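Take a look at the structure below.
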Amino acid sequence: MTQTTRPVPAIALSTPGRPPVVESDFNPWWTVLSAALANFICTVDNQLHSVNLRYLAGPLGFQLDEGSWAAAAFIATQLVAIVLTGRLVRRLGVRFFLTGNALLLTLASVVAIAAPNLLVLFVARALAGFAAGSFLAIALNLVMDQLPVTKRPIGYLVFGIPSTLAIPVGYFLGGWCIENASWHWLYVPAALGGVLLAGFFWYRLRSLPSEPPQPWWQVDWPGLVALIVAACTLATVLQRGTTENWFDSPFIVTISLLSAFAWGLFGWFELHSRHAFIDLRLLARRNFAASQVINAMIGLVLSYTFVVTSFLTQIHGYNSIQIAEVIVWAALVNPLMPVLMKKLDMRVLIALGLACFVPSCLMNAYLSANVAGEQLIWSQVVRALGQPLLIIALLRLAMTGLKASEYESAAQIFNLVRTAASSTATAAMGGWLVWREHFHSHAIVENLGQSYWQSHLQQLAAALVSRGSEPLAATNQATALLKQMTSNQAYILAFGDLFWLLALSMAVIVVALLWVRGSSTVPTLTTVAPPRARPGGGVPG
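For the sequence shown, this note's numbering assigns the number 8 to the initial residue and increments by one for each residue that follows.
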């Protein structure tokens with residue numbers, strides 16, 4: 008009687024000095040799905056905080072522009088966590104690391120709920136950022152390590168789609184909390200989610216061991232210091248740039264130069280240290296380097312949501328729930344995606360994604376005051392057809408041809424580039440929007456002419472006087488109304504410019520695609536060997 012085995016019958020786990028232990032009931036999908044869920048919860052938590060920050064200013068006693076420091080703390084620790092996650096997982100093991108990280112998320116949320124002032128909120132968001140960065144880094148690594156090659160396209164889908172869905176969910180929950188409860192409830196979902204995740208990780212991942220701890224001196228300490236300085240200064244520039252009028256401010260110029268120097272120094276340490284956190288030499292490979300250029304541009308693509316939500320809030324006064332009803336259509340999943348990923352070259356898939364995304368931008372490029380949520384829904388649907396193709400196909404393209412030992416560094420670089428690019432793009436869009444508003448405001452006033460402005464001002468003032476206002480007060484009110492009308496129209500034109508910019512920036516992706524060598528489709532089961540345990544334990548591959 009012969010025995011038959013499944014393609015992945017078991018996962019062999021071992022640690023130095025101990026024979027392998029085979030856990031036949033272990034299902035790698037539990038690990039992948041739970042890590043993706045954790046990433047989803049962290050993204051929702053960040054949306055809940057950033058979108059509703061203005062509602063915290065009064066109760067916690069800070070100015071709205073001061074609240075950007077809490078957002079900067081989140082971004083900085085998130086970037087640091089992405090780099091450190093691989094080392095921490097190897098030291099603590101997947102089970103302890105994920106469980107501890109879930110508890111850290113709960114702690115951060117509880118501290119935020121009880122925060123009496125901005126300083127405590129700053130600490131809470133720093134902890135939440137570290138948890139979010141850790142889950143983001145390990146989720147992609149687990150997809151590559153835990154799943155066989157034929158199942159990874161589905162794993163990439165599980166990794167990529169929740170981040171898109173989390174944005175409308177965050178807007179909806181935030182709107183409900185503010186309208187029906189209080190700002191404290193903004194942090195309750197992450198607190199409860201962290202507890203549930205911790206219990207799940209501790210129970211389901213009990214069989215995954217860790218490596219023996221490394222001596223404390225076998226760490227790239229100079230690189231770590233450079234990384235912390237680089238992340239903190241970059242986050243400061245991104246969050247304070249608009250407030251400080253960007254590069255017209257000596258403070259922003261100084262911090263920007265320091266950030267660029269620190270990132271360069273971090274890269275140099277990683278290339279020359281024996282105990283580097285990331286293998287940056289992967290960027291010397293043509294396909295991986297090109298995929299990171301595309302990755303950075305897709306970070307710009309993700310700022311599309313920022314443009315749509317800002318337009319609805321600023322021009323039409325939409326609340327969070329109304330915005331969620333519009334942008335939720337962008338979270339639709341293309342039903343043909345799994346089939347297309349198995350049949351088509353990754354470059355073709357990215358081109359198809361562009362063929363949907365660019366028209367969705369151009370559909371919004373000619374905005375007016377009459378365009379609101381209902382008119383933007385169809386562009387969101389078109390975007391939904393293409394954006395997942397861009398994200399998921401890029402994941403496949405970036406990881407093609409890598410060895411199992413390179414997965415960790417590849418995932419770290421991928422997430423670091425995506426996070427930094429997305430944060431930079433969103434901040435840059437805010438600065439661009441203000442600049443274009445000033446440009447169009449001056450253009451509108453010049454084109455209308457001084458005589459038209461004075462005539463319209465007199466008509467408005469006369470109308471206000473007829474309603475009982477004093478002449479001087481009526482003139483001031485009419486001037487303010489005219490300025491507001493001009494600013495609103497200028498902002499509408501500026502938002503249209505942003506959609507044009509997003510569409511034109513996709514040309515960079517086309518150029519990068521021409522640099523990429525062909526990538527094959529998903530291999531068949533007969534060509535794929537079962538995943539093996541990684542040397543020294545940790546995440547099995």
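For glycine and all other residues, C-beta sits at the position ideal for the given N, C-alpha and C. Quick caveat, the model's predicted, so the values are computed rather than measured.
- Restricting attention to Tyr325, Leu67 and Asn302, the CA atom closest to the CA of Leu402 is found in Asn302.
- Excluding residues up to 5 positions away in sequence, Thr249 lie with their Cβ nearer than 7 Å to the Cβ of Gly437 in the same chain.
- Shown here, Glu477 sits in coil according to DSSP, grouped into three states, outside any helix or strand.
- Asn294: member of the alpha helix (DSSP H) spanning Arg293 to Val308, first to last residue.
- It is roughly 7 Å from the alpha-carbon of Ala468 to the alpha-carbon of Gln484.
- Contact between Ile185 and Tyr325 does not hold, since their C-beta atoms are separated by about 13 Å, which reaches or exceeds 8 Å.
- Boundaries of the alpha helix (DSSP H) harbouring Gln321: Tyr311 to His323, taken from the DSSP string.
- Tyr373 carries a coil assignment under DSSP once its states are collapsed to helix, strand and coil.
- Excluding five sequence positions before and after Ser494, the CB atoms of its chain that fall closer than 7 Å to its own CB belong to Glu444 and Ser448, given in chain order.
- Distance between His56 and Trp270, taken at the CA atoms: about 28 Å.
- A distance of 8 Å or more separates the beta carbons of Ile334 and Leu396.
- Minimum Cα-Cα distance from Asn124 among the listed residues Thr106, Asn148, Glu73 and Leu95 corresponds to Glu73.
- Per DSSP, the unbroken alpha helix (DSSP H) holding Asn53 starts and ends at Pro35 to Val58.
- For Tyr194, the CB contacts under 6 Å within the same chain, skipping 5 residues up- and downstream, are Ser116, Ala119 and Ile120 in chain order.
- In the three-state reduction of the DSSP assignment, Phe129 falls in the helix class.
- At the C-beta level, Ala197 and Leu60 stay beyond 8 Å of one another.
- Secondary structure note for Gly182: its alpha helix (DSSP H) is the uninterrupted segment Arg159 to Asn187.
- Annotation: Gln225 to Arg281 spans about 8 Å, alpha carbon to alpha carbon.
- Looking at Leu272, Val315, Ala77 and Phe104, the one whose alpha-carbon comes closest to that of Cys368 is Val315.
- Note on Leu455: under 16 other CB atoms within 10 angstroms of its CB, so exposed under the neighbour-count rule.
- Exclusion of the five residues before and after Pro478 leaves Ala468 and Val472 as the residues of its chain whose Cβ lies within less than 8 Å of its Cβ.
- In the three-state reduction of the DSSP assignment, Val523 falls in the coil class, being assigned neither a helical nor a strand state.
- DSSP places Trp439 inside the alpha helix (DSSP H), whose first and last residues are Tyr414 to Leu455.
- About 6 Å separates the beta carbons of Ala109 and Phe208, which is inside the 8 Å limit, making them a contact pair.
- Under the criterion of beta carbons closer than 8 Å, Ala144 and Asn377 do not qualify as touching, at roughly 44 Å.
- Residue environment for Arg524: exposed (fewer than 16 other C-beta atoms within 10 angstroms of its C-beta).
- With a cutoff of 8 Å on beta-carbon distance, Ala296 and Ala510 are scored as not near each other.
- Buried is the label assigned to Asn148, since at least 16 other Cβ atoms lie within 10 Å of its Cβ.
- Short of 8 Å from the beta carbon of Ala80, and not among the five residues preceding or following it, lie these beta carbons of its own chain, in chain order: Phe129, Val130, Arg132, Ala133, Gly136 and Ala242.
- In the pairwise beta carbon analysis, the stretch 87-97 is classified as not touching the stretch 259-266: fewer than three pairs are separated by under 8 Å.
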